[in-house]
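Report on the structure given below.
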Amino acid sequence: MPTQIVMNHNGDTRYHFDARNAEALAKAEERFKQLTGEGFTAAVRTKPGEVIKINSFNPKAEETVFFPRLVGG
Amino acid sequence: MLGFRRVPIACRSRLKALRGLYARYYNENTPEVRGLRLLGAWLSPSQFEQFNAEAHFDVVGCATGRRYRIHYGTQANVHELDDEGGLKMGWCFVPQGRLVPGDVMLAQKIALETSESRALSVAIRFAPNRKVRDDRLALIRQVLSGGSNGSRRPN
């Protein structure tokens, strides 16, 4: 089941959704837009260890990870 | 008047077992462990092996081809490597908010591998003159091996 993994101070929060369910899909897409709109970066794995950044919702991605905007430390 | 009742032996052993169960559950579900588990699942096989052995792993910047070493930590933990593999320059950039080390390191890996220039544009440079402590190696090995309810990364 596709999962959106949002990093936070608790480690992460995971949102699983059924890609065949139109309502769940819309909710997941809305979450994607909201997070990226807030400055989160979204990335998916293409194969073990290989990642790409995505700018639009990918309902077929097994896992999408979101991390907050980068800043100088 | 304060009174202390002796706890029966059977009850004491139950309490001890309960405490052990709680400690085990707690240790397996801390944010730090969850972060390490996520990181382990997203590393390449060679990065996974390196991280498991040395508490750091190397990534290649997508724009310049430069090599960087990401150490266990949440700040001042990224170093650019020179041709001999020595620490050349420190680059400090982190995701906003108080994230655990595994999450910070995964964000740094993704940033360098997918948008290196952008990551470096916000980074603060520092001289790599201090030794980075890799003192969490035992925990890293425990989590990556699945010993802390973790799952070994899929091949």
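Protein sequences, first through last, are from chains A and B.
Take the first sequence: its letter number 72 is residue 71 in numbering that gives the first Met the number 0, and every next letter is one higher.
Take the second sequence: its letter number 3 is residue 2 in numbering that gives the first Met the number 0, and every next letter is one higher.
Where a beta carbon is used, it is the ideal one built from N, C-alpha and C, also for glycine.
**OP:** Closer than 7 Å by C-beta to residue 23 of chain A: which residues in its own chain qualify, once you throw out the five before and the five after it? Chain order, please.
**Re:** Cβ within range, chain order: 16 and 17.
Original post:
What does residue 99 of chain B reach in chain A if we use C-beta pairs closer than 8 Å?
Top reply: Here the neighbours are 8 and 10.
Subject >> Partners in chain A for residue 63 of chain B, counting only beta-carbon separations shorter than 7 Å >> reply: Under the 7 Å cutoff, chain A gives no residues; its nearest Cβ is about 17 Å from residue 63 of chain B.
**OP:** Might you give, ordered along the chain, the residues of its own chain that have their beta carbon closer than 7 Å to the beta carbon of residue 60 of chain A, omitting 5 neighbours on each side?
**Re:** The residues are 1 and 43.
Original post:
Between the region 94–127 of chain B and chain A, which residues of the former have a C-beta closer than 8 Å to a C-beta of the latter?
Top reply: So the list reads 94, 95, 96, 97, 98, 99, 101, 102, 105, 106, 108, 109, 110, 112, 113, 114, 117, 118, 121, 122 and 123, given in the order they occur along the chain.
**OP:** Between the Cα of residue 135 of chain B and those of B/73, B/93, B/92 and B/94, spot the shortest distance and give me the residue it belongs to.
**Re:** The residue from B/73, B/93, B/92 and B/94 with its alpha-carbon nearest to that of residue 135 of chain B is B/73.
Subject >> CB contact check: residue 24 of chain A to chain B, cutoff 7 Å >> reply: Using beta-carbon distances, residue 24 of chain A does not count as an interface residue toward chain B, since no partner is under 7 Å.
Original post:
Residues of chain A with CB under 8 Å from residue 43 of chain B, in chain order?
Top reply: Chain-ordered, the chain A residues with CB closer than 8 Å to the CB of residue 43 of chain B read 47, 48 and 49.
Subject >> Buried/exposed call for residue 3 of chain A, threshold 16 Cβ in 10 Å >> reply: By the neighbour-count rule (16 or more Cβ atoms within 10 Å), residue 3 of chain A is buried.
Original post:
Is the Cβ of residue 85 of chain B closer than 7 Å to any Cβ of chain A?
Top reply: Taking Cβ atoms only, chain A never reaches closer than 7 Å to residue 85 of chain B, which makes this a no.
**OP:** Assign residue 76 of chain B to buried or exposed, taking buried as 16 or more other Cβ atoms, counted over all protein chains shown, within 10 Å of its Cβ.
**Re:** Around the Cβ of residue 76 of chain B, a 10 Å sphere holds 16 or more other Cβ atoms; the residue is buried.
Original post:
Using a C-beta cutoff of 7 Å, does residue 1 of chain A count as contacting chain B?
Top reply: No - not a single Cβ of chain B is within 7 Å of the one on residue 1 of chain A.
Original post:
In chain E, which residues lie with their C-beta within 8 Å of the C-beta of residue 75 of chain B?
Top reply: Protein chains in the displayed structure are A and B, and chain E is not among them.
**OP:** Please compile the residues from chain B whose C-beta is within a distance smaller than 8 Å of the C-beta of residue 52 of chain A.
**Re:** For residue 52 of chain A, the chain B residues whose C-beta falls within less than 8 Å of its own C-beta are 109, 113 and 114, listed in chain order.
**OP:** For residue 45 of chain A, count neighbouring C-beta atoms within 10 Å of its own C-beta (all shown protein chains included) and say buried if the count is 16 or more, exposed if not.
**Re:** The residue is exposed, with fewer than 16 neighbouring Cβ atoms inside 10 Å.
Original post:
When the Cα atoms are used, what is the spatial distance from residue 73 of chain A to residue 50 of chain A?
Top reply: Absent from the structure is residue 73 of chain A, since the part of chain A shown begins at 0 and ends at 72.
**OP:** Using a Cβ-Cβ cut-off of 7 Å, state whether residue 70 of chain B counts as contacting chain A.
**Re:** Closer than 7 Å: no.
Original post:
Between which two residues does the beta strand (DSSP E) containing residue 50 of chain A stretch?
Top reply: Counting along the chain, the beta strand (DSSP E) containing residue 50 of chain A begins and ends at 49–53.
Original post:
Can at least three beta-carbon pairs, one atom from the region 80–91 of chain B and one from the region 30–46 of chain B, be found at a separation below 8 Å?
Top reply: Too few Cβ pairs lie closer than 8 Å, so no.
Subject >> Nonlocal neighbours in the same chain, by C-beta distance under 8 Å from residue 57 of chain B, ignoring five residues either side >> reply: Annotation for residue 57 of chain B: 46, 49, 66, 67, 68, 69 and 80 place their beta carbon closer than 8 Å to its own, counting only its chain and skipping 5 residues before and after.
**OP:** Please go through the same chain and pick out, in chain order, the residues whose beta-carbon is closer than 7 Å to the beta-carbon of residue 60 of chain B, but skip the five residues on each side of it.
**Re:** So the qualifying residues of the chain are 67, 111 and 115.
**OP:** Could you tell me the distance, in whole angstroms, from the CA atom of residue 109 of chain B to the CA atom of residue 141 of chain B?
**Re:** Annotation: residue 109 of chain B to residue 141 of chain B spans about 24 Å, alpha carbon to alpha carbon.
**OP:** Please check if any C-beta of chain B sits within less than 7 Å of the C-beta of residue 60 of chain A.
**Re:** No, its Cβ sits nowhere closer than 7 Å to a Cβ of chain B.
**OP:** Can you give me the start and stop residues for the alpha helix (DSSP H) that residue 121 of chain B sits inside?
**Re:** Residue 121 of chain B -> alpha helix (DSSP H) spans 115–121.
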